[in-house]
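Peer 1:
In UniProt numbering, the protein residues as written are 1 to 627.
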């Protein structure tokens, strides 16, 4: 569940309480959910968290990653992995809930489950567990691992796949799935094959007739809201979401896709959840050691005896997926060491001039009025579309996505390297005109995108093919593209308001989601110390206020009370104050001992103590502890 979904179910009155938590006293942000999504605010919040709340959150993320977990299991694992007592762990999670960092959900008949919102996990992970690995020196020689070939970014691959979907139509078979031929075309539109997608997560197992690649394409489209299932005999396009997606800057779009894919697939496994989050914080275009990253990840899970080869495979699988999406490259250093680096695709850099302005608009002249809503019809683009006499179209790397979308719909992509090559053919133009354009619309678009008049030969070809399209209309021989709800060509009006990000859904029903919270409802934070507070009222006040030396029978009574409320105690051992978490009082003949662990600087030391081993003692309660 993401913050936008939580905002829809958590009462506004409850959301208004989150910023009032002492955790956010020094935060530069004053509203939730921005509080938990802004790195500076998160940094300030972590510094203000009570120690036991900070340790509880770290244990939760280490042990379970981004997965929701049953509350009692979470508390038990937190006690096992940290020096915290049960009362401290429960109070820590309560404070995290009242600060809007951790949330609880439950089914009407089931246990509460706690989780960190998916879109907040990476930010908190990087602040709680900063990755210490450093990049190679700039002068260190590194060669690419494998053949140096151009790889389209995932955004470009999906653009081609969605254009294929537009051409095939969104109709469904009697079984409620797209036709097998459509699924095959979706898969062929991608650079990465099904093997790469199948490795993304252990739970990624789509049902027939979907292949991992075709399911991935459709699942992503549904999650991003570009198409809507809604039941019936066909799916439908959501034009506002499609316009917004096409209008994003390239780097922003790829970052957005990366975040969506990481949350959907990497987070299904705790190691890849931490790996994906840490990798996201590394510098672009710098080489890093894959082995160093693996060693650091395993150091996080040292208490769980990680398996080196299995972990290496999981980390490698995620890096391979990033490479398949054009976001990362693998390399081999001069000493044979495996390494990786981010490409520029996620840097968010956009060329200036008209290309940048186009990426914030619809990348199209209004073909109904001839107006240029983006206000740039008279400008010359930095890298304009190149129209050749034979009908070939050359699209430079910085060309706008809206232009590419239209090229995909009324031209055939011949090849795509740094420059994409399209060719207008009789069939492709008839197909495009069936989608709602006229020959004059196509001419006007090509002249605007290229910044120059069309070659006479191209103009004549468009006129000839337009006549063929009209004959197809009269004969009823149309393409599925013409039967879509609305036109995917002329409905692409300017969409310049990008202040609101596209909402990413967690679940589509197409692919199993191991982190699904379907059927769960939000539940308010439950103060864990209410019962404790009532018990405290019955305790001698002196037990809580100062160190005292007690009779052995009183020492045992105090420890048994501490055990009943799962609280730690302070002992003065050989004149030194030590925190002790009791776990069991044992009786042997006429003597008794207490078993537990001493904690110091985050380290647990198991001990068994006799009552005469300490001079004085005091009971500790989480609600009385300082940060």
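Ideal Cβ positions, reconstructed from N, Cα and C, are used throughout, including at glycine.
Compute the Euclidean distance between the alpha carbons of residue 159 and residue 51, then round it to the nearest angstrom.
Peer 2: Near 48 Å, if we compare the C-alpha coordinates of residue 51 and residue 159.
Peer 1: Is there contact here, the stretch 245 to 252 with the stretch 313 to 321, by at least three beta-carbon pairs under 8 Å?
Peer 2: Taking 8 Å as the limit for Cβ pairs, the verdict is that the stretch 313 to 321 does not touch the stretch 245 to 252.
Peer 1: Report the option in 119, 6 and 393 whose CA atom is closest to the CA atom of residue 103.
Peer 2: When each option's Cα is compared against that of residue 103, the closest is 6.
Peer 1: Any idea what DSSP makes of residue 279, helix, strand or coil?
Peer 2: Helix, per DSSP.
Peer 1: DSSP three-state call for residue 347: helix, strand or coil?
Peer 2: Residue 347 falls in the coil class under three-state DSSP.
Peer 1: For a test of the three-state rule: what should DSSP assign to residue 142, helix, strand or coil?
Peer 2: The answer is strand: DSSP assigns residue 142 an E or B state.
Peer 1: Check each candidate in 49, 448 and 88 and name the one with the smallest Cα separation from residue 528.
Peer 2: For the residues 49, 448 and 88, the minimum Cα distance to residue 528 belongs to 88.
Peer 1: Runs of 4 residues minimum, wholly inside the stretch 61 to 95: which ones carry the alpha helix (DSSP H) assignment?
Peer 2: Entirely contained in the stretch 61 to 95, the alpha helix (DSSP H) runs reaching 4 residues are, in chain order, 71 to 81.
Peer 1: Is the CB-CB distance between residue 570 and residue 604 below 8 Å?
Peer 2: Cβ atoms of residue 570 and residue 604: not closer than 8 Å.
Peer 1: If you run the structure through DSSP and keep just helix, strand and coil, what is residue 36?
Peer 2: Looking at residue 36 - three-state DSSP - the assignment turns out to be helix.
Peer 1: Would the stretch 420 to 427 count as touching the stretch 390 to 409 if we require 3 or more Cβ pairs under 8 Å?
Peer 2: Yes: the two stretches touch, three or more of their Cβ pairs being nearer than 8 Å.
Peer 1: If we call anything under 8 Å between Cβ atoms a contact, is residue 559 one with residue 594?
Peer 2: Going by C-beta atoms, residue 559 is nearer than 8 Å to residue 594.
Peer 1: Give a yes or no on contact between the stretch 115 to 126 and the stretch 167 to 185, applying the rule of three or more CB pairs nearer than 8 Å.
Peer 2: No, because fewer than three Cβ pairs between the stretch 115 to 126 and the stretch 167 to 185 fall closer than 8 Å, the two stretches do not touch.
Peer 1: Between residue 408 and the rest of its own chain, which residues show a CB-CB distance below 7 Å, the 5 nearest in sequence each way excluded?
Peer 2: Contacts found: 159, 160 and 163.
Peer 1: Tell me whether residue 568 is buried or exposed, calling it buried when 16 or more other Cβ atoms sit within 10 Å of its Cβ.
Peer 2: So residue 568 counts as buried.
Peer 1: Cα separation between residue 540 and residue 517?
Peer 2: Answer to the nearest angstrom: the Cα atoms are 45 Å apart.
Peer 1: Which term fits residue 577, buried or exposed, when burial requires 16 or more other beta carbons within 10 angstroms of its beta carbon?
Peer 2: With fewer than 16 Cβ atoms within 10 Å of its Cβ, residue 577 is classed as exposed.
Peer 1: Would you say residue 96 and residue 68 are within 8 Å of each other, going by their C-beta atoms?
Peer 2: No. Outside cutoff.
Peer 1: Would you call the stretch 144 to 155 and the stretch 316 to 334 touching, i.e. three or more CB-CB distances under 8 Å?
Peer 2: Judged by Cβ distances under 8 Å, the stretch 144 to 155 makes contact with the stretch 316 to 334, as three or more pairs qualify.
Peer 1: If you check the beta carbons only, do residue 145 and residue 2 fall under 8 Å apart?
Peer 2: Cβ distance not < 8 Å, so residue 145 and residue 2 don't count as in contact.
Peer 1: Rank 213, 188, 206 and 209 by C-alpha distance to the C-alpha of residue 195 and give the top, closest one.
Peer 2: When each option's Cα is compared against that of residue 195, the closest is 213.
Peer 1: Can you check DSSP and say which residues form a bridge with residue 519?
Peer 2: Residue 519 is not bridged to any residue.
Peer 1: What is the C-beta distance between residue 406 and residue 445, in whole angstroms, given that I count them as a contact (C-beta under 8 Å)?
Peer 2: Confirmed, about 6 Å.
Peer 1: Would the stretch 285 to 294 count as touching the stretch 73 to 89 if we require 3 or more Cβ pairs under 8 Å?
Peer 2: Flag = no, the stretch 285 to 294 and the stretch 73 to 89 do not touch.
Peer 1: Measure from the alpha carbon of residue 562 to the alpha carbon of each residue in 538, 448 and 309, then state which is nearest.
Peer 2: Checked all of 538, 448 and 309; the closest Cα to residue 562 is 538.
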